[in-house]
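Below you'll find the structure, written out as structure tokens, and then a few comments.
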Amino acid sequence: MGVWHTHPQIIPEPSSIDWKDWYETLEVDKTGCEYVFFVIAGVKEIRVWVGDFKSKNIIEIFECAHSEGIYKVYEEKEYGRKKEQTEDTRVCET
Ligand SMILES: [Zn+2]
């Protein structure tokens, strides 16, 4: 599952309101899913973040063109971990 919206920017940047909403979603949403996807579509690019209901962390994920379109966490150091999207995660997208 997830939420998305658009920004009139070439490359969308989450606003302070977006971050507030996303963190609130992690606090209040009871979906039974482990993760929630936050998508912002800009004029030229679409960016995707994933929120972890357990840790309350939100990290940006990127499409890997050479891994059959599977999304992976981009910056291992910055975010402290590297995690491929699992089958379980994909179940939550519907
Ligand atoms: Zn926004």
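This note's numbering applies: residue 461 is where the sequence shown begins, and numbers increase by one. Where is the CB? At the ideal position from N, CA and C, for every residue including glycine.
Check	Outcome
Chain-ordered list of residues that sit, by beta carbon, closer than 5 Å to a heavy atom of ligand 1	S475, D478
According to DSSP, residues forming a beta bridge with V508	V499, I521
Span separating the alpha-carbon of E473 from that of H467	8 Å
Under the three-state DSSP convention, the category T485 falls into	helix
Buried or exposed (CB count within 10 angstroms, at least 16 for buried), F497	buried
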